[in-house]
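Undergrad: Protein chains in written order, with the working numbering: chain U, 1 to 265; chain E, 266 to 1144. Yeah, the Cβ is synthetic: ideal placement off N, Cα and C, and Gly gets one too. Please read all numbers here as calculations on a predicted model, not as lab measurements. Dropping the structure in here first, questions after.
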Amino acid sequence: MNKLKVILMLSFFSIVTLNAQNLGITYKVTVNANDAILSTSTNYDLILNGNKSAYYNNNDSLKQFKYQSFIGERKKIGELTRVKLSDNHYAYVKQDFYYKDYEKDTLIYNELIVSKKTFVGEKINLIDWEIKPKTDTIILNQRCLKAIGEFRGRTYEAYFSPSLSQRGGPWKFDGLPGVILSVKSQDDYFIIEPIKIVKNSKSQNIVFNVYNDKKSISWNVFKKRFKEKLIRQLKKLKSLSEDGEKGSIEVTDRIEDLGIGKLSF
Amino acid sequence: MKKRLIALVCFILTFFSSLSAQTIKGTISDNDKKLIAVSNILIKRDSSSISEYTFSNNGYYKITLNKSYKRIIVEADAYGYARNQYVIENPIKGKIYVVNFELKTDINHLDEVIIKAKKKSFSIKKDTVKYNVKSYLSGSERKIQDVIKKLPGVNVNESTGEIKYKGKSIETVLLEGDNLFGYNYSLGTKNINVDMVEQIQAIDNYSENPLLKNIESGDKVVLNLKLKKGKVDFSGNLDGGLGIFNDSNIASNTNLNILGITKNYKSFGVLAYNNIGINRSPFDYFSFNSNIEELKEKENYIEKIIPESRFSNFLSDDRVNINNQSFGNYNAIFNIGKKIKIKTNLYYLNDLIKSNQFIENQYSIGGSDFITTDNYFLSKRPKQYRGDFNIKLNTSKSSLLEYDFRIREEDIHTKSSIESNNSNNFTSSLRSDDNYIKNRLLYTKKISNKKALQLSVFQSTNKTPQVYEITSLSLNSSSNVNRQKVYTEKNRIGSQITFLGSSFSNKYSFSLGVISNKNRIKSELFNSTNISENYLDYSEELIYQRGSYHFNFNKLRITPSYSINYLNQEIVNYEKGTNINRDNFTLAPSLNLRYRLNNISFIQGKISYVQNSKAEKYLFENEILINNRTTISNMPNLDLQKVLNYGLFYFKNDLYNQMEINLGINYQQIENSFFTNTFINEDILNINYFLLPETNNNLGMNFLISKYLSFIDTNTKLSIDYSVSNYKNIINNSDLRNNKNKSTNIKMLFKTAFDGFINFKNEFNFSNFSSKNENSDEFINEAFTNSFSVILNPIKEVFLKLSSNYFLPNFNKRNERYNFLDASIRYRPKNKRFEFELIAKNLSNENNFEQIQVVDFSTNRYRTNILPMYIFFNMTYTF
Chain U
1 MNKLKVILML
11 SFFSIVTLNA
21 QNLGITYKVT
31 VNANDAILST
41 STNYDLILNG
51 NKSAYYNNND
61 SLKQFKYQSF
71 IGERKKIGEL
81 TRVKLSDNHY
91 AYVKQDFYYK
101 DYEKDTLIYN
111 ELIVSKKTFV
121 GEKINLIDWE
131 IKPKTDTIIL
141 NQRCLKAIGE
151 FRGRTYEAYF
161 SPSLSQRGGP
171 WKFDGLPGVI
181 LSVKSQDDYF
191 IIEPIKIVKN
201 SKSQNIVFNV
211 YNDKKSISWN
221 VFKKRFKEKL
231 IRQLKKLKSL
241 SEDGEKGSIE
251 VTDRIEDLGI
261 GKLSF
Chain E
266 MKKRLIALVC
276 FILTFFSSLS
286 AQTIKGTISD
296 NDKKLIAVSN
306 ILIKRDSSSI
316 SEYTFSNNGY
326 YKITLNKSYK
336 RIIVEADAYG
346 YARNQYVIEN
356 PIKGKIYVVN
366 FELKTDINHL
376 DEVIIKAKKK
386 SFSIKKDTVK
396 YNVKSYLSGS
406 ERKIQDVIKK
416 LPGVNVNEST
426 GEIKYKGKSI
436 ETVLLEGDNL
446 FGYNYSLGTK
456 NINVDMVEQI
466 QAIDNYSENP
476 LLKNIESGDK
486 VVLNLKLKKG
496 KVDFSGNLDG
506 GLGIFNDSNI
516 ASNTNLNILG
526 ITKNYKSFGV
536 LAYNNIGINR
546 SPFDYFSFNS
556 NIEELKEKEN
566 YIEKIIPESR
576 FSNFLSDDRV
586 NINNQSFGNY
596 NAIFNIGKKI
606 KIKTNLYYLN
616 DLIKSNQFIE
626 NQYSIGGSDF
636 ITTDNYFLSK
646 RPKQYRGDFN
656 IKLNTSKSSL
666 LEYDFRIREE
676 DIHTKSSIES
686 NNSNNFTSSL
696 RSDDNYIKNR
706 LLYTKKISNK
716 KALQLSVFQS
726 TNKTPQVYEI
736 TSLSLNSSSN
746 VNRQKVYTEK
756 NRIGSQITFL
766 GSSFSNKYSF
776 SLGVISNKNR
786 IKSELFNSTN
796 ISENYLDYSE
806 ELIYQRGSYH
816 FNFNKLRITP
826 SYSINYLNQE
836 IVNYEKGTNI
846 NRDNFTLAPS
856 LNLRYRLNNI
866 SFIQGKISYV
876 QNSKAEKYLF
886 ENEILINNRT
896 TISNMPNLDL
906 QKVLNYGLFY
916 FKNDLYNQME
926 INLGINYQQI
936 ENSFFTNTFI
946 NEDILNINYF
956 LLPETNNNLG
966 MNFLISKYLS
976 FIDTNTKLSI
986 DYSVSNYKNI
996 INNSDLRNNK
1006 NKSTNIKMLF
1016 KTAFDGFINF
1026 KNEFNFSNFS
1036 SKNENSDEFI
1046 NEAFTNSFSV
1056 ILNPIKEVFL
1066 KLSSNYFLPN
1076 FNKRNERYNF
1086 LDASIRYRPK
1096 NKRFEFELIA
1106 KNLSNENNFE
1116 QIQVVDFSTN
1126 RYRTNILPMY
1136 IFFNMTYTF
């Protein structure tokens, strides 16, 4: 999906309906990767309108990389851009788009299996949050409550505002009785902080399901395919190696734990 | 059977748990009884907190409560509808409640509201942390050093002005990317107003020489001051203040700072005068703490044999420093074309520092107890003229030639009158000159992207002639004048060639160098006849080969380094007609390990072994008189001192959670030290330094934790320092004595950051110092200080500060305590260039301050006079 399409899907209509309540939040999203060279920091927008929401990066350029000066060659591969960060590090830049339909309890987003784009569908409430009592804090003038939850290998602290909206949140975070304004993993690997809130925007953003015509797979199938792809790569590596040589692949620098472990021959 | 039992237990547990909890279920619909697909059901005890919650499924919900309630508020909340609540009073355990909601459409038309985040107090990008100055202002800050002190991860040593970032001493403070101040960066930090600076950047892996970027090892850190937009061309500030001391003298403080920035020119100038204890210069003539530049260049200097009178720095300078300082400084960088950059730094300082110091020593030596007292009335007039010149010439794209030149002329004249042991009166005069010239030529050639070669040639000369005259005014003796003349000179010349390179993420450097030091000492002590003379030359020739390699293995960095040295030393004593010569080959290895635990913390271990000569400080054999009581002499020795050092450190700076932790332990073992052989009685103190193949050792531990507690909007800081040192000495012809000093210092700081008009700051400091000789009682002193401030900001333009500083120098004498009260009010009209401030200092009018120090054979009571109460009005004009 290219950027243009996303913009079309989020067309800005100046129609003021009876329930013109809608909410836009711009987040700064930081990934402090274990391999520092893969670290990124960029802005994402969340549009909450009625029972639907869209969360997407509004800057898919190479500026998101913390170590921009290290970027070497860049290559366009279909909708993706492959950038060389060092002799041993490559990254794919893509347009992220997370669509949520609360009526249907559906979350759909795109993921890469190495360089191939796939579409993944899940339920919205993925995290069993525990609301911490007496942890009120003010974020961007909004009274927020704190909740803690485990999600795919990391523990997250989230601050949500029940008064700003009934639900919603950035990325896959959701399932709290209020919109999630700020969330970070306790190891600081993944940090999402709000930088702007637009309440009751006059330009109402209508959220469409851009994945309507796409066939999505479940998270478990995605993990399985990801693992199969790695095993294929490992076999290729083995075929190229000399007798007695050993090799292994391990996924260590992802926000979510795919539960694949170390694959070796 | 067992399975059945477990099933039964499980059933019973389930049964009881369902009995003890309530279940609430129902529907959520709109006015037309149409079920609302998506909604939240919130369970609350009161109107604000959410205790439990669930989501409806196509208009139906059901929740079994896990907590117990005396009153349950059930709230339904759906997008586009007004919230609705239902209250269940005294709910019955185990009961199922059916609560159906009918929500009304929320037809409120709300205006668009945009809320933007405040600019973050910091941001991190690559090797740079950018601190936004505005976020760290509470209103009390005037100079940029006041803000730097507050930055997380940054520590400022108040005495030396040294700034450390993440535990490392910074190289310099840049101004808009240019190194205008060099090591004397305190010039900038002490004088630049906070209003001029937009952002302070802390930069890791800094290379001043652009040719060495990514080649030299990235250990250097600097701070960079980014100025506010519009603060270009010419800008600055003028502070003018007048007041009156309690003794009717006039208090005055004037300070003009001018900053000039154009495309090819950058300059900063200071003109300042004050008599309220402020030191605007980087030179400390009050307590003689070495500044960073002096520490870095100490190899070039020769130490004055007669030390200058050092004043106490236990209290801050602005309480004790009774000064009259005029200071002028001009720093400029000019770009001439693209290839030439010229930097000049000019300094002028003239001060008159007055002090009355009373010193009482209670000695307890080998069963003999006695007390000595000295009451000094001192006036010290230091003068300094200095000029630095630096030129950088880009001889080609891959080569750079730099030349440094410095000339300094310093003259300090100290007059004193002394009342000794309440009976002997003296007057004395010490005139010390210090002439210093330094030349350095550095050529850098970049051989390839990853390799470079540097060649440097350096020379320095330092001469320090001193004349000390002391006149006894005792009634029973005719005027008796002792005159001590000392002339010392050091000439240093050397050259070094260095090869630097990087390979993947590893970096290395190898150098070969030669250094020649030549020192001369001449001294003469005489009254009507000659008493003592010294005349000697000392030379030191060093040839060395050094190397270091930085291996980077993912999170681990290993830095082994070594130095192979050939050292030749010679003392030619013309007065005694002796000649001592010594050759030594030495190896000095060191290993530094650093493991990055994550992005915000690392652990570091260090071990090093060095052998060096300390002979230069202990050369003259015959006595030199340094004050009314004391003479010093040495037994020169060319043996090398062997120092083994171990250190382990943990450092964490979590800017996002505003938490900083430092933990460190350091152990040092020194073999072949110079020890003191002291003879003391009621009237004299003779110190003779001698070397023994014995061992001294020091152990130091430090811990610091700083955390911003958001739930009480308060920043807290706790630091604990502990040290033990074992040393030896001889007192009054004793055997060699073993002594132990122990010191503990605990500091706690609280500072609130409330949104309201009032804030508080409290700093508590407890110190325990003990000194013990193996055969005698322990000398112990415990002291306590507490500083408390109330900061009021009733309206934006007005800032009021009230503070109290409480000192208890000795826990055993609780009635001997001091309490200083200060107040200031500042008014800054909106968008005006003027600012007005009324300051009242030392309101309780304390007129002296006493502190106690202990050593293994005495307790030292030190009393000094302080600046009297004064009221002062200051106006600042910013242009």
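So with CB distances below 7 Å, who are the chain E contacts of THR252 (chain U)?
TA: Walking along the first sequence from the start, residue 252 (chain U) turns up at place 252. None at all; the shortest Cβ gap to chain E is about 11 Å.
Undergrad: If we ignore side chains and look at the alpha-carbon of each, how far apart do ASP978 (chain E) and GLY121 (chain U) end up?
TA: In the second sequence, counting from the first residue as 1, residue 978 (chain E) sits at position 713. In the first sequence, counting from the first residue as 1, residue 121 (chain U) sits at position 121. Distance between the alpha carbons of ASP978 (chain E) and GLY121 (chain U): 42 Å.
Undergrad: Flag GLN102 (chain U) as yes if its beta-carbon sits less than 8 Å from any beta-carbon of chain E, otherwise no.
TA: For the purposes of this step, residue 102 (chain U) is identified with residue 102 of the first sequence, where counting begins at 1. For the record, residue 102 (chain U) in the displayed sequence is Tyr; it is not Gln. Interface residue, yes.
Undergrad: Are the C-beta atoms of ALA1185 (chain E) and some chain U residue less than 8 Å apart?
TA: No answer is possible for residue 1185 (chain E): the residues shown for chain E start at 266 and end at 1144.
Undergrad: In the structure shown, what three-state DSSP assignment does MET924 (chain E) receive?
TA: Taking the second sequence and counting its residues from 1, one reaches residue 924 (chain E) at position 659. Strand at MET924 (chain E).
Undergrad: To the nearest angstrom, how far is it from the Cα of VAL485 (chain E) to the Cα of ALA36 (chain U)?
TA: As a position in the second sequence, residue 485 (chain E) is number 220, starting the count at 1. As a position in the first sequence, residue 36 (chain U) is number 36, starting the count at 1. Here residue 485 (chain E) turns out to be Lys, not Val, going by the sequence shown. For LYS485 (chain E) and ALA36 (chain U), the distance between alpha carbons rounds to 20 Å.
Undergrad: Does the beta-carbon of LEU4 (chain U) have 16 or more other beta-carbons within 10 angstroms, so that it is buried, or is it exposed?
TA: Position 4 of the first sequence, counting from 1, holds the residue named residue 4 (chain U). Confidence is the limiting factor: at LEU4 (chain U) the pLDDT is only 36, short of 50, which leaves the residue's position unreliable, though a coordinate-based value still follows. So LEU4 (chain U) ends up on the exposed side.
Undergrad: So is MET461 (chain E) buried or exposed if we call it buried at 16+ other beta carbons inside 10 Å?
TA: Residue numbering aside, residue 461 (chain E) sits at position 196 when the second sequence is read from its first letter. Classification of MET461 (chain E): buried, given that the 10 Å Cβ count is 16 or more.
Undergrad: Between the Cα of ARG1002 (chain E) and the Cα atoms of E:THR1009, E:LYS290 and E:ASN994, which residue gives the shortest distance?
TA: For the purposes of this step, residue 1002 (chain E) is taken as residue 737 along the second sequence, with counting starting at 1. When only C-alpha atoms are compared, the closest one is E:ASN994.
Undergrad: Helix, strand or coil for MET461 (chain E) per DSSP?
TA: The residue labelled residue 461 (chain E) in the question sits at position 196 within the second sequence. Helix.
Undergrad: Between ASP392 (chain E) and the rest of its own chain, which residues show a CB-CB distance below 7 Å, the 5 nearest in sequence each way excluded?
TA: The residue labelled residue 392 (chain E) in the question sits at position 127 within the second sequence. The residues are ILE468, ASP469 and ASN470.
Undergrad: Which residues in chain U sit within 8 Å of ASP342 (chain E), going by Cβ to Cβ distance?
TA: Working through the second sequence from its first residue, we reach residue 342 (chain E) at position 77. What ASP342 (chain E) touches in chain U: PRO162, GLN166 and PRO177.
Undergrad: Quick one: which chain E residues come within Cβ less than 8 Å of GLY169 (chain U)?
TA: Stepping through the first sequence from its first residue, residue 169 (chain U) is reached at position 169. Result: empty, since nearest Cβ-Cβ is about 13 Å, beyond 8 Å.
Undergrad: Tell me whether THR843 (chain E) sits in a helix, a strand or coil according to DSSP, three-state version.
TA: Stepping through the second sequence from its first residue, residue 843 (chain E) is reached at position 578. In this structure, THR843 (chain E) counts as strand in the three-state DSSP scheme.
Undergrad: Since ILE380 (chain E) and ILE197 (chain U) should fall inside the 8 Å C-beta cutoff, what is the C-beta to C-beta distance between them, to a whole number of angstroms?
TA: Mapped onto the second sequence, residue 380 (chain E) falls at position 115. Mapped onto the first sequence, residue 197 (chain U) falls at position 197. The pair is a contact, with the Cβ atoms about 4 Å apart (cut-off 8 Å).
Undergrad: Listing by chain order, which chain U residues have their CB less than 8 Å from the CB of LEU300 (chain E)?
TA: On the second sequence, residue 300 (chain E) is found 35 positions in, with the first residue counted as 1. Within 8 Å Cβ-Cβ: nothing; LEU300 (chain E) doesn't reach chain U, min ~11 Å.
Undergrad: Under 8 Å between C-beta atoms, does GLY50 (chain U) make it to chain E?
TA: Working through the first sequence from its first residue, we reach residue 50 (chain U) at position 50. Yes - at least one Cβ of chain E is within 8 Å of the one on GLY50 (chain U).
Undergrad: Check whether the Cβ atoms of SER1035 (chain E) and LYS1007 (chain E) sit closer than 8 Å, and answer yes or no.
TA: On the second sequence, residue 1035 (chain E) is found 770 positions in, with the first residue counted as 1. On the second sequence, residue 1007 (chain E) is found 742 positions in, with the first residue counted as 1. Contact flag set, yes.
Undergrad: Taking C-beta pairs closer than 9 Å, name the residues in chain E that LYS196 (chain U) reaches, listed in chain order.
TA: Taking the first sequence and counting its residues from 1, one reaches residue 196 (chain U) at position 196. Those are ILE379, ILE380, LYS381 and ALA382, listed as they occur along chain E.
Undergrad: Which chain E residues sit within Cβ distance under 8 Å of ASN141 (chain U)?
TA: The count along the first sequence starts at 1 and reaches residue 141 (chain U) at position 141. The answer, in chain order, is ILE380.
Undergrad: With burial defined as no fewer than 16 other Cβ atoms inside 10 Å of the residue's Cβ, what is the status of TYR530 (chain E): buried or exposed?
TA: Taking the first residue of the second sequence as position 1, residue 530 (chain E) is located at position 265. Exposed.
Undergrad: Alpha carbon to alpha carbon, how far is GLY912 (chain E) from ASN420 (chain E)?
TA: What you label residue 912 (chain E) is simply residue 647 of the second sequence in a count that begins at 1. What you label residue 420 (chain E) is simply residue 155 of the second sequence in a count that begins at 1. Approximately 20 Å, taken between the alpha carbons.
Undergrad: When you compare each of E:GLU684, E:SER555 and E:ASP698 to THR692 (chain E) by their alpha carbons, which one comes out closest?
TA: Within the second sequence, numbered from 1, the residue matching residue 692 (chain E) stands at position 427. It is E:GLU684 whose Cα lies nearest to the Cα of THR692 (chain E).
Undergrad: Is there a C-beta anywhere in chain E that falls below 8 Å from the one on ILE249 (chain U)?
TA: The residue labelled residue 249 (chain U) in the question sits at position 249 within the first sequence. Judged by the 8 Å Cβ criterion, ILE249 (chain U) is not in contact with chain E.
Undergrad: What beta strand (DSSP E) runs, 3 residues minimum, are completely inside the segment 1057–1110 of chain E?
TA: Correct list: 1063–1073, 1083–1092 and 1099–1106.
Undergrad: Taking 8 Å as the limit between beta carbons, can you name the residues of its chain near VAL459 (chain E), skipping five residues before and five after?
TA: If you number the second sequence from 1, residue 459 (chain E) lands on position 194. Only VAL398, LEU402, GLU406, ARG407, LYS408, ILE409, ASP411 and VAL412 meet the Cβ criterion.
Undergrad: Taking the continuous alpha helix (DSSP H) assigned at ARG225 (chain U), which residues delimit it?
TA: Taking the first residue of the first sequence as position 1, residue 225 (chain U) is located at position 225. Residues 219–240.
Undergrad: Would DSSP call ALA1048 (chain E) helix, strand or coil?
TA: As a first step, residue 1048 (chain E) must be located in the second sequence, where it is residue number 783. Of the three classes helix, strand and coil, the one that applies to ALA1048 (chain E) here is strand, per DSSP.
Undergrad: Please report how far the alpha carbon of ARG696 (chain E) lies from the alpha carbon of ASN946 (chain E), in whole angstroms.
TA: Numbered from its first residue, the second sequence carries residue 696 (chain E) at position 431. Numbered from its first residue, the second sequence carries residue 946 (chain E) at position 681. Whole-angstrom Cα-Cα distance: 28 Å.
Undergrad: For ILE191 (chain U) and LEU145 (chain U), I'd like the C-alpha separation in whole angstroms.
TA: Taking the first sequence and counting its residues from 1, the one referred to as residue 191 (chain U) is at position 191. Taking the first sequence and counting its residues from 1, the one referred to as residue 145 (chain U) is at position 145. Answer to the nearest angstrom: the Cα atoms are 17 Å apart.
Undergrad: Are the C-beta atoms of ASN212 (chain U) and some chain E residue less than 8 Å apart?
TA: Position 212 of the first sequence holds residue 212 (chain U). Output row for ASN212 (chain U): interface = no.
Undergrad: What is the residue span of the beta strand (DSSP E) that GLN186 (chain U) lies within?
TA: Position 186 of the first sequence, counted from the first residue, corresponds to residue 186 (chain U). Premise fails: GLN186 (chain U) is in no beta strand (DSSP E) and is neither H nor E.
Undergrad: Is it buried or exposed for TYR44 (chain U), if we count other Cβ within 10 angstroms and need 16 for buried?
TA: Within the first sequence, residue 44 (chain U) is the residue found at index 44, counting from 1. TYR44 (chain U) is buried by the Cβ-count criterion.
Undergrad: What are the uninterrupted segments assigned as beta strand (DSSP E) that are 3 or more residues long and contained completely in the segment 429–477 of chain E, given in chain order?
TA: Taking only runs of at least 3 residues, the beta strand (DSSP E) segments lying wholly in the segment 429–477 of chain E are 438–440 and 462–468.
Undergrad: Exposed or buried, what is PRO475 (chain E) when buried is set at 16 or more other beta-carbons lying within 10 Å of its beta-carbon?
TA: Indexing the second sequence from 1 puts residue 475 (chain E) at position 210. Counting Cβ neighbours within 10 Å, PRO475 (chain E) comes out exposed, since fewer than 16 surround it.
Undergrad: Which residues, in order along the segment 690–719 of chain E, keep a beta-carbon less than 7 Å from a beta-carbon of chain U?
TA: The segment 690–719 of chain E vs chain U, Cβ under 7 Å: nothing.
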